[in-house]
Amino acid sequence: MRPLVADIDLDALRHNYRLACACAPQSQSVAVIKANAYGHGAVACARALASEAPAFAVACLEEAITLREAGIQTPIVLLEGIFAADELPLVDQYGLWLAVHSRWQVQALKAFTPSAPIPVWLKVDSGMHRLGFAPDEAASVWRTLAAMPEVDALHLMSHFATADATDSRYFAQQMAILNGLATELDAPLCLANSPATLARPEAHGAWNRPGVMLYGSDPLETPNALTRQLKPVMTLRSEIIALREIAAGEPVGYGGRFRAPRRSRIAVVAAGYGDGYDRHAIDGTPVLVAGRRASLAGKVSMDMLTVDVTDNPEAAIGSEVVLWGRAQNGAVLSVDEVAHHCDTISYTLLTGMLPRVPRRYSGR
Ligand SMILES: *Cc1c(COP(=O)(O)O)cnc(C)c1O
1 MRPLVADIDL
11 DALRHNYRLA
21 CACAPQSQSV
31 AVIKANAYGH
41 GAVACARALA
51 SEAPAFAVAC
61 LEEAITLREA
71 GIQTPIVLLE
81 GIFAADELPL
91 VDQYGLWLAV
101 HSRWQVQALK
111 AFTPSAPIPV
121 WLKVDSGMHR
131 LGFAPDEAAS
141 VWRTLAAMPE
151 VDALHLMSHF
161 ATADATDSRY
171 FAQQMAILNG
181 LATELDAPLC
191 LANSPATLAR
201 PEAHGAWNRP
211 GVMLYGSDPL
221 ETPNALTRQL
231 KPVMTLRSEI
241 IALREIAAGE
251 PVGYGGRFRA
261 PRRSRIAVVA
271 AGYGDGYDRH
281 AIDGTPVLVA
291 GRRASLAGKV
301 SMDMLTVDVT
311 DNPEAAIGSE
321 VVLWGRAQNG
331 AVLSVDEVAH
341 HCDTISYTLL
351 TGMLPRVPRR
361 YSGR
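If you're matching positions, the sequence shown starts at 1 in the numbering used here and goes up one per residue.
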């Protein structure tokens, strides 16, 4: 069989979730498992966290139903609420919680009679300018929702644009708006994403919403003592399937982007953009060959990529290659570092892992 596999360490997932909880002992932490748990497999991740997470968050009804049909009974919040009014019967049937970010959603709720009141997180646009009510309309919408028998457990929700940044000015501006509303409405808050969970204790509310940190990625521009405790959950692992020596000056791969600066040993690895490995990876992108660093050499192909192992004499056909995660010898290559070489973020690499790559779970 093709040797490429995404090993998912569910013990590491639980470790990272507990770290999120320990960062914010006064808050409850929703485990964000949208987008198939950032590529890790939503059902497996939900099962692994079901005994400790009080709620899960997903992007849409379809993702919630997948979890319910797998037997997950934990509360699930839809981070963008409903996309159409006709979803409400299913929201009611599956016992989901709703974000409400637009007036039409309020109207749809009013026109619907649920079997039990629906927990609602009112989304305020405090500066992200994506979803949510403007701060000057939020109070009146809050009062409308609070008076509706269809609505339960009302919370104020918002999202930060720059919680990861070292410069905290814009974050502070968003926080000031939210603190004003929280005081005026005596509203319990749900604000913090991963970076705010890790680095902005003033944003911790009744609930936090950590996502990417659960999977071991460091979301902060400047790592801190907490982010260094995160453990990688996904290890993208493959093997060398061919090796060759080429003369100095010879090109490797499509377009000959890499040209050997000396006599070089080139390893061919079974992993490519057809699996989700980013084709934007530049020459020099790190990989671990038998637990030691080596460099991508040449453009990534659909099913293969090429690595310069001139300085890795132990490299042989069948050697372990880790594209990110933890090698058998314990060496770690963070998905954040790989993302940096692809001019992107860990989120796109993780969520971009295609179904073609088998997931193999370890841990409970
Ligand atoms: C995805 C998402 C989160 C989690 O963000 P991370 O940066 O992955 O922690 C939190 N809140 C909302 C509204 C989201 O869409």
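Ideal Cβ positions, reconstructed from N, Cα and C, are used throughout, including at glycine.
The structure presented is a predicted model; accordingly, all values stated were derived computationally and were not measured.
Three-state secondary structure (DSSP) of residue i
| i | result |
| --- | --- |
| C190 | strand |
| L19 | helix |
| V269 | strand |
| N312 | coil |
| I345 | coil |
| F133 | strand |
| R169 | helix |
| R292 | strand |
| T351 | helix |
| E337 | helix |
| T306 | strand |
| E320 | strand |
Residue nearest to residue i in terms of C-alpha spacing, selected from the options
| i | options | result |
| --- | --- | --- |
| A196 | P286, Y170, I8 | Y170 |
| S29 | W207, K299, E250, A248 | W207 |
| V124 | R103, A57, T113, P117 | R103 |
| V309 | D303, A297, S301, A44 | A297 |
| D278 | L350, S158, P223 | L350 |
| L67 | I33, E87, E80, P89 | I33 |
| L96 | L181, T113, G127, C60 | C60 |
| P251 | Q107, T306, D9 | T306 |
| S362 | S334, D7, S264, L288 | D7 |
| Q107 | M128, L131, V141 | V141 |
| S51 | K110, A31, V58 | A31 |
Close Cβ partners of residue i (< 7 Å) along its chain, the five nearest in sequence each way excluded
| i | result |
| --- | --- |
| S194 | P210, G211, V212, M213, P219 |
| S27 | H204, G205, A206, W207, N208 |
Own chain residues within Cβ distance below 6 Å of residue i, not counting five before or after
| i | result |
| --- | --- |
| R244 | I266 |
| Y38 | Y215, L350, T351 |
| T222 | T166 |
| I241 | V268, A270 |
In DSSP terms, what residue i is bridged to
| i | result |
| --- | --- |
| V30 | A55 |
| H155 | W121 |
| I8 | M234, Y361 |
| R326 | V332 |
| P286 | S295 |
Other residues of its chain near residue i: CB distance less than 8 Å, five sequence neighbours each side excluded
| i | result |
| --- | --- |
| A44 | I8, L10, A37, R359, Y361 |
Enumerate, from N- to C-terminal direction, the unbroken alpha helix (DSSP H) stretches of 4 or more residues contained entirely within the stretch 47-116. 61-69, 88-93, 103-110
Note down, one range per segment and in chain order, each beta strand (DSSP E) of at least 3 residues found wholly within the stretch 190-267. 234-246
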